Amino acid sequence: MKALLRPAITACALSALLLVSGCHRHRKSKSALNTTAYSDQLQELVKKKALPPEKVDTSKVPNLRWPNFSDYEPIVTTFYDDRNYEVAWTRDGAPTATATAFIQQFHDAAVKGLIPEDYDDSRWANRVQALTSKSADAISLFDVAMTVNVMRYISDLRIGRVNPQHFSFDINVQDKKYDLAEFVSDNAVDATDVPKLIESVEPDSDEYRKTEAALAHYLDLAKQQGQAGIEPLPTVAKAVAVGGEYPAADALLTRLRLEGDAPDGGSDAQASHSSVFDAALSDAVKHYQHRHGIAEDGKLTAQTIKSLNVPMDERVAQLQDSLERWRWLPDPYLHARLMVNLPEFVLRGFDANHKLDFTMRVVVGKVMGEHETPVFTHMMKYLVFRPYWNVPVDIARKELVPHIEANRGYLASKNFEVTDSKGVVQTDYTARQVGQGGVMVREKPGPKNSLGLVKFIFPNQYDIYLHSTPAVSLFEQTRRDFSHGCIRVQKPADLAAWVLQGQGGDWDLQKVQEAMNNGPDNKTVSLKTPLPIVIFYLTAIVDEDDEVHFFDDIYRYDEEMQKVFSKGPPYPQKPEQVVPKTKQGDTA
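Each residue of the sequence shown is one higher than the one before, counting from 2 in the numbering used here.
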């Protein structure tokens with residue numbers, strides 16, 4: 002009988018203990034145990050996102066700058082559920098060393114390209130001061146505010162603040178996302194080296210780190226420029242060459258020295274008080290033009306002066322936008338073998354260790370007419386030598402039908418032929434059939450073909466690819482947005498030989514040139530190992546020589562991004578349908 006009573010007595014005692022201490026589920030967090038004394042207040046805060054005004058004087062203990070954390074609420078709830086609503090960021094009513102380190106990170110967020118007030122930078126001093134009262138409400142508010150801001154900060158550095166799909170950039174960040182509740186609880190709460198933790202969160206990329214360093218420098222330049230209160234340089238009606246007169250030559254030299262385009266004359270240097278545009282100024286202007294995508298003639302043009310008058314604050318914003326976009330890239334595209342930077346009109350190729358192998362000029366989609374080249378990541382899978390160009394119906398309707406109506410022999414005279422849906426050549430057709438897509442027009446292979454003699458295919462929904470072109474004079478232009486959306490490359494044979502290295506078939510430059518000039522038409526060569534390619538958009542980039550380059554926001558994507566940032570969190574983070582401006586089948 003006594004033996005039977007013992008389990009019952011034990012169970013009763015255990016039940017009584019649970020009634021006293023509260024019934025907790027299994028704790029999932031790996032962080033050190035902390036007190037549950039404030040669990041009721043924490044639950045109320047997580048549920049309502051803000052303390053009721055009567056509980057805390059919010060003029061002294063400010064609430065969140067962006068109190069709507071609905072996008073993080075499920076994650077914050079899981080975070081506290083997993084730790085049984087223990088506080089995370091204080092001990093004995095004082096901030097932990099980790100919390101203090103994160104407050105410093107929030108204060109320095111600008112050097113990461115982020116906005117300090119997005120993480121309550123100006124509010125932490127009052128919150129810390131309020132903790133001295135040992136108020137349960139102040140401790141709870143501090144804890145939830147810290148949790149929300151740590152999550153925002155880590156997520157923003159990991160995958161960016163805005164989902165790229167919001168801008169119709171076809172880049173998938175979902176695979177990069179952390180389980181934030183678990184990551185913050187297990188890795189951040191007790192972190193002994195917060196800067197090292199943050200570094201592990203950011204992209205492991207030399208390009209990213211260089212851009213971050215450039216941003217810190219340009220933040221300093223913006224501060225210098227703001228304190229100096231310098232007037233804009235006067236424009237010119239006609240380009241000024243060496244030996245010409247420019248009344249603001251001294252101011253021009255000062256401006257060129259600011260970014261290092263002209264050598265610094267030292268603290269004892271005196272202004273020349275000369276209005277002569279001399280050879281030294283011309284060299285400095287040429288260097289500036291090189292960094293800003295302007296024709297490098299060393300002449301002081303209206304375009305150059307307009308660029309020089311762009312405030313450093315705007316250059317800072319360009320670098321911030323570039324950092325945001327670098328954060329979007331998942332592996333293997335963070336270290337892609339090929340990258341086209343649209344506003345720069347440049348293609349870069351990297352070796353297997355992501356060291357730069359080459360750069361070459363490209364022509365991209367026109368700004369006007371819904372032909373902007375889309376931004377996306379993909380895998381290059383094959384090449385086609387001596388390709389046909391299957392003219393999209395929209396292009397045929399707009400650009401060929403009027404000529405066919407005026408001249409029945411127009412297509413043949415321009416190296417086109419007409420086929421049915423099976424590819425059989427037709428000689429009896431009408432302009433109306435061409436315009437309606439009843440028959441297809443294709444340009445025959447050869448050196449005059451619009452696609453040139455080779456195209457590089459990475460199958461995608463936009464029908465965008467790289468290709469050569471007979472219109473080689475376009476590569477001499479500084480601004481090169483002339484295509485219907487596809488990307489024309491300056492040195493197609495060199496690119497083909499590079500792409501085919503190690504892909505079998507003993508391809509070299511000579512064999513590539515033979516295939517382009519004398520080989521069979523429409524010959525496909527598949528890649529044994531597909532190459533990752535990124536069609537990207539950076540108006541600020543740091544090159545391999547650590548020089549910072551800026552480019553015009555040709556598609557106004559920077560402008561769109563800054564409008565989103567100006568509204569504050571929550572930023573658009575959910576996946577969205579990508580709607581490119583180009584139309585499938587209307588590219589070339």
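We put the CB at the ideal spot given by N, CA and C, even for glycine. Bear in mind that the values here come from a model prediction, so they are computed numbers and not experimental data.
| Asked | Found |
| --- | --- |
| Beta-bridge partners of N391, as assigned by DSSP | R443 |
| Nearest to E406 (by Cα), restricted to the options G299, E74, R433, L320 | R433 |
| Residue interval of the alpha helix (DSSP H) (run including T530) | Here T530 belongs to no alpha helix (DSSP H); instead the beta strand (DSSP E) covers 524 to 537. |
| F457 beta carbon less than 8 Å from that of M381 | yes |
| Residue closest to F537, alpha-carbon to alpha-carbon, out of S474, V363, H291 | V363 |
| V365, buried or exposed, once every other Cβ within 10 Å from all chains shown has been counted against 16 | buried |
| Beta-carbon proximity of R256 to D265, cut-off 8 Å | no |
| Cβ of K367 within 8 Å of any chain D Cβ | Absence of chain D from the displayed structure is noted, only one protein chain being present. |
| Member of D554, D314, H108, K529 whose CA lies at the smallest distance from the CA of G595 | Outside the shown range of the chain, which is 2 to 589, sits residue 595, and nothing can be said about it. |
| Option in I104, A285, V535, I160 with minimal Cα separation from V347 | V535 |
| E55 to D109 span [Cα, whole Å] | Confidence is the limiting factor: at E55 the pLDDT is only 48, short of 50, which leaves the residue's position unreliable and the question unanswerable from this model. |
| Per-residue burial, S268 [other beta carbons within 10 Å of its own, 16 or more giving buried] | Confidence in S268 is poor, its pLDDT being 44 and thus under 50, which makes the residue's placement unreliable; the coordinate value appears in the next sentence. It counts as exposed. |
| Beta-carbon contacts of V145 that lie in its chain and below 8 Å, excluding the five residues immediately before and after | L43, L46, V47, V77 |
| Given 8 Å, three or more beta-carbon pairs between the stretch 322 to 330 and the stretch 201 to 221 | yes |
| Unbroken beta strand (DSSP E) run spanning N342, endpoints | 339 to 342 |
| Cβ pair count under 8 Å reaching 3, the stretch 463 to 479 against the stretch 441 to 455 | yes |
| Stretch-stretch touch, CB-based, cutoff 8 Å, three pairs: the stretch 77 to 87 with the stretch 28 to 44 | yes |
| M562 in three-state terms, based on DSSP | helix |
| Exposure of P448, with buried meaning 16 or more beta-carbon neighbours within 10 Å | exposed |
| Status (buried if at least 16 other CB within 10 Å, exposed otherwise) for V112 | exposed |
| Touch test, the stretch 147 to 165 against the stretch 554 to 571, Cβ-Cβ under 8 Å, three pairs minimum | yes |
| Span separating the alpha-carbon of E345 from that of H293 | 9 Å |
| Given V185 as reference, the closest of T99, N127, P533 once Cα atoms are compared | T99 |
| heavy atom of the ligand ADP below 7 Å from D109 C-beta | Although the ligand ADP was asked about, the structure shown includes no ligands whatsoever. |
| Rounded straight-line distance, which links the Cα of F143 to that of Y73 | 17 Å |
| Sequence-distant residues of the same chain with beta carbon closer than 6 Å to H167, five excluded per side | P573, E577 |
| T236 vs I306 beta-carbon contact at 8 Å | yes |
| Inter-stretch contact (C-beta, 8 Å, three-pair minimum) for the stretch 279 to 288 and the stretch 331 to 344 | no |
| Beta-carbon proximity of N523 to P388, cut-off 8 Å | yes |
| Three-state secondary structure assigned by DSSP to Q253 | Sequence inspection shows Leu at residue 253; the Gln mentioned does not correspond to that position. It is helical. |
| Under the three-state DSSP convention, the category Y154 falls into | helix |
| R481 - partner residues in DSSP beta bridges | According to DSSP, which records beta bridges pairwise, R481 is partnered with nothing at all. |
| Coil, strand or helix - K456 by DSSP | strand |
| Rounded distance between the beta-carbons of M152 and W90, thought under 8 Å | Rounded, the Cβ-Cβ distance is 12 Å, inconsistent with contact. |
| Residue nearest to D298 in terms of C-alpha spacing, selected from S275, A240, R349, P312 | A240 |
| Burial state of T374, where buried means 16 or more other Cβ atoms lie within 10 Å | buried |
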